[in-house]
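**Q**
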Amino acid sequence: MTTLVPGLRLVERRLTRFLREPVSIRNALSVIVGGTLAIMVLAALLMRTVDHREYRSLGRALWWSVQTVTTVGYGDVTPRFASGRIVAAAVMLWGVAFLAILTAAITSTFVARAARERTNVGAFEAASAADRIDEQLVDLALRLDRMEDTLSRLAGG
Numbered sequence: 100m101t102t103l104v105p106g107l108r109l110v111e112r113r114l115t116r117f118l119r120e121p122v123s124i125r126n127a128l129s130v131i132v133g134g135t136l137a138i139m140v141l142a143a144l145l146m147r148t149v150d151h152r153e154y155r156s157l158g159r160a161l162w163w164s165v166q167t168v169t170t171v172g173y174g175d176v177t178p179r180f181a182s183g184r185i186v187a188a189a190v191m192l193w194g195v196a197f198l199a200i201l202t203a204a205i206t207s208t209f210v211a212r213a214a215r216e217r218t219n220v221g222a223f224e225a226a227s228a229a230d231r232i233d234e235q236l237v238d239l240a241l242r243l244d245r246m247e248d249t250l251s252r253l254a255g256g
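Under the working numbering, the first residue of the sequence shown carries the number 100, and numbering increases by one thereafter.
1) How big is the Cα-Cα spacing for Ala-181 and Ala-189?
2) Using CA coordinates, which residue listed in Leu-201, Ala-211, Ile-205 is at the minimum distance from Ile-131?
3) What number of angstroms, rounded off, separates the C-alpha of Glu-224 from the C-alpha of Ser-207?
4) For Tyr-173, collect the residues of the same chain with a Cβ closer than 7 Å to its Cβ; drop the 5 residues on either side in sequence, then sort them by chain order.
5) From which residue to which residue does the alpha helix (DSSP H) around Gly-158 run?
6) Give the straight-line distance between the Cα atoms of Arg-112 and Glu-216, rounded to the nearest whole angstrom.
7) Among Arg-155, Arg-159, Val-171, whose alpha-carbon lies nearest the alpha-carbon of Leu-198?
8) Quick check on the burial criterion: 16 or more other C-beta atoms within 10 angstroms. Buried or exposed for Met-146?
9) Given a threshold of 16 other Cβ atoms within 10 Å of its Cβ, counted over all protein chains shown, does Met-139 qualify as buried or as exposed?
10) Indicate the three-state DSSP secondary structure (helix, strand or coil) for Thr-115 in the structure shown.
11) Whole alpha helix (DSSP H) runs in the segment 206-235 with 4 or more residues, listed along the chain?
12) Work out the CA separation of Leu-243 and Gly-255 for me, nearest whole Å.
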């Protein structure tokens with residue numbers, strides 16, 4: 100349990116920092132990946148404890164945990180007892196949630212980039228329209244100056 104406590108503290112620190120800082124893809128992914136790694140290690144330790152006949156080494160338990168979280172499930176390592184299956188079900192649900200959140204984060208990045216590009220194009224078009232109006236105002240001012248000069252010559256001349 101002593102090795103687990105620093106891991107939980109790390110997850111707690113990351114979650115606290117995530118909640119304090121503005122949400123970003125990098126912050127979200129660090130929390131998701133950190134949480135998933137913590138779940139994988141915790142699940143491996145639990146499986147080693149509750150189903151020690153099947154998981155004789157921590158390496159075998161970690162291998163099972165990685166397979167389960169990633170939803171690969173080769174089937175070479177499976178829990179024998181109900182307690183192990185409960186742990187397995189929780190890890191499976193975490194794995195599915197992790198993949199869904201990761202997909203959503205990647206999709207969100209693409210959507211945000213497309214929105215920024217649309218905004219930049221709109222700003223460029225608005226700037227171009229403003230530039231055209233400025234050019235027309237300068238042209239009108241020059242024409243007005245010429246007309247005033249012409250009127251001055253006609254009136255004085």
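Backbone N, C-alpha and C fix where the C-beta goes; we use that ideal spot for every residue, glycine too.
**A** Judging by the given coordinates:
1) Looking at the two C-alpha atoms, the distance is approximately 13 Å.
2) Closest option to Ile-131, Cα to Cα, is Leu-201.
3) Cα to Cα, the separation comes out at about 26 Å.
4) The residues are Gln-166.
5) For Gly-158, the enclosing alpha helix (DSSP H) starts and ends at 157-168.
6) Between Arg-112 and Glu-216, the C-alpha separation is close to 35 Å.
7) Val-171 is the residue among Arg-155, Arg-159, Val-171 whose C-alpha sits nearest the C-alpha of Leu-198.
8) Counting the other Cβ atoms within 10 Å of the Cβ of Met-146 gives 16 or more, which makes it buried.
9) Counting C-beta atoms within 10 angstroms of its own C-beta, Met-139 has 16 or more neighbours from the protein chains shown and is therefore classed as buried.
10) Helix.
11) Counting whole runs of 4 or more residues, the segment 206-235 contains no alpha helix (DSSP H) stretch at all.
12) Between the C-alpha atoms of Gly-255 and Leu-243 there is a straight-line separation of about 18 Å.
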